[in-house]
Amino acid sequence: MYVVNSPLSDADRKTVSEALQGALVDLVDLALVAKQIHWNVVGPRFRTVHLQLDEVVDIARTHSDTVAERAAALGVPPDGRAATVAVGSGIGVTPEGWVDDETAVQALVDALGAVVARMRERIAATGEADPVSQDNLIAITADLEKHHWMFQAENG
Ligand SMILES: [Fe+2]
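In the numbering used here, the protein residues as written are 6 to 161.
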């Protein structure tokens, strides 16, 4: 059932919807992971890491909304349910309990690195099918890579 008409062919819509849905689950999980560590980080760098993590939460939430609404605009219902995110996220296991600041930063380096790698695959996959969605993914990836750099610099 297509409630919203899509400007794309069936084949292109399938390609793009997989990329946008994948981006959605990664970004929802990134926001959850960043909040988890925001709450649990301890150590001498608590304040800076704690605040930096909320910057990641903010961009992850903003960008998850962008890709979800882009999918909807293409006639594809976005799926941001917790169970879907748990199965589909590309982010590995997040440390449980208190996390020292160096480990916290490394967890974000790893999480952002995993998401960026998958986002670059999505950029490559969507160029022909829908350059408008690709443009969204490129802008999001630039933002993620900026934060990836900053967390790497934290532990440099
Ligand atoms: Fe907070």
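Note that CB positions come from ideal geometry on N, CA and C, so glycine has one too.
Query	Result
Euclidean distance between Cα positions of Val72 and Ala144	11 angstroms
Best match in Gln26, Gly48, Ala147 for proximity to Asp84 [C-alpha to C-alpha]	Gln26
For Asp105, three-class secondary structure by DSSP	strand
Residue range of the unbroken alpha helix (DSSP H) whose run includes Ile143	136-159
Identity of the residue in Ser14, Asp15, Gly93, Asp105 nearest Gly48 by Cα	Asp105
Proximity below 7 angstroms, CB of Arg75 to CB of Ala36	no
Reduced DSSP secondary structure (H/G/I, E/B, other) of Val92	helix
Minimum C-alpha distance to Leu13 - residue among His43, His153, Pro136, Phe156	Pro136
Start and end residues, alpha helix (DSSP H) containing Gly27	15-45
Coarse secondary structure for Thr53, derived from DSSP in three states	helix
DSSP three-state assignment for Ser69, whether helix, strand or coil	helix
Beta carbon of Glu159 nearer than 7 angstroms to that of Val110	yes
Span separating the alpha-carbon of His153 from that of Asp34	16 angstroms
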